[in-house]
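Residue numbers (my numbering): 9 to 73.
No residue lacks a Cβ here, since even glycine has one placed at the ideal position from N, Cα and C.
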(Lines of atoms letter the chains of each structure in order from A and count residues from 1; the text may use other names and numbers.)
(Lines give C-alpha, C1' and ligand atoms only; values in the text may rest on other atoms or scores of the structure.)
Protein backbone atom coordinates (compact mmCIF):
# COMPACT_ATOMS: atom_id res chain seq x y z
CA UNK A 1 0.00 0.00 0.00
CA UNK A 2 1.23 3.47 -0.90
CA UNK A 3 -0.41 6.53 0.62
CA UNK A 4 0.54 10.17 0.20
CA UNK A 5 -1.09 13.49 0.97
CA UNK A 6 -1.69 15.59 -2.12
CA UNK A 7 -1.27 18.75 -0.02
CA UNK A 8 1.55 17.98 2.43
CA UNK A 9 3.72 15.15 1.07
CA UNK A 10 5.83 17.58 -1.02
CA UNK A 11 5.40 15.50 -4.17
CA UNK A 12 3.67 15.97 -7.49
CA UNK A 13 1.17 13.12 -7.25
CA UNK A 14 0.82 12.87 -11.04
CA UNK A 15 4.59 12.40 -11.39
CA UNK A 16 4.56 9.76 -8.66
CA UNK A 17 1.70 7.85 -10.27
CA UNK A 18 3.43 7.93 -13.66
CA UNK A 19 6.56 6.43 -12.10
CA UNK A 20 4.53 3.74 -10.32
CA UNK A 21 2.40 2.55 -13.20
CA UNK A 22 0.30 -0.41 -12.07
CA UNK A 23 0.71 0.37 -8.35
CA UNK A 24 -2.24 1.93 -6.56
CA UNK A 25 -1.45 5.23 -4.86
CA UNK A 26 -3.99 6.22 -2.21
CA UNK A 27 -4.44 9.92 -1.51
CA UNK A 28 -5.16 11.14 2.00
CA UNK A 29 -3.70 12.43 5.23
CA UNK A 30 -0.68 10.49 6.53
CA UNK A 31 -0.52 12.47 9.82
CA UNK A 32 3.18 13.40 9.65
CA UNK A 33 3.38 16.78 7.95
CA UNK A 34 5.12 18.50 10.87
CA UNK A 35 7.68 15.69 11.32
CA UNK A 36 8.76 15.64 7.67
CA UNK A 37 8.52 19.29 6.70
CA UNK A 38 10.47 20.12 3.55
CA UNK A 39 10.97 16.50 2.53
CA UNK A 40 8.96 14.14 0.35
CA UNK A 41 7.12 11.62 2.51
CA UNK A 42 4.35 9.08 2.56
CA UNK A 43 3.40 5.64 3.77
CA UNK A 44 4.72 2.49 2.15
CA UNK A 45 3.14 -0.65 3.62
CA UNK A 46 1.99 1.51 6.57
CA UNK A 47 5.58 2.64 7.33
CA UNK A 48 6.47 6.33 7.14
CA UNK A 49 9.18 6.94 4.53
CA UNK A 50 10.89 10.35 4.31
CA UNK A 51 13.19 11.07 1.36
CA UNK A 52 14.52 14.01 -0.66
CA UNK A 53 12.05 14.06 -3.56
CA UNK A 54 9.38 12.27 -5.59
CA UNK A 55 11.97 10.28 -7.56
CA UNK A 56 13.55 8.90 -4.40
CA UNK A 57 10.11 8.03 -3.01
CA UNK A 58 9.18 6.15 -6.19
CA UNK A 59 12.46 4.19 -5.97
CA UNK A 60 11.65 3.25 -2.36
CA UNK A 61 8.20 2.03 -3.38
CA UNK A 62 9.63 -0.10 -6.17
CA UNK A 63 12.36 -1.51 -3.90
CA UNK A 64 9.74 -2.64 -1.38
CA UNK A 65 7.31 -4.07 -3.94
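Burial state of residue i, where buried means 16 or more other Cβ atoms lie within 10 Å
{"i": "residue 48", "result": "buried"}
{"i": "residue 9", "result": "exposed"}
N-terminal and C-terminal residue of the alpha helix (DSSP H) that residue i is part of
{"i": "residue 38", "result": "Note, residue 38: premise wrong, no alpha helix (DSSP H); not H, not E."}
{"i": "residue 67", "result": "62 to 71"}
Rounded separation between residue i and residue j - CA only
{"i": "residue 41", "j": "residue 62", "result": "15 Å"}
{"i": "residue 43", "j": "residue 33", "result": "21 Å"}
{"i": "residue 57", "j": "residue 12", "result": "10 Å"}
{"i": "residue 55", "j": "residue 69", "result": "11 Å"}
{"i": "residue 24", "j": "residue 72", "result": "15 Å"}
Under the three-state DSSP convention, the category residue i falls into
{"i": "residue 25", "result": "helix"}
Range of the contiguous beta strand (DSSP E) that encloses residue i
{"i": "residue 11", "result": "10 to 12"}
{"i": "residue 48", "result": "48 to 52"}
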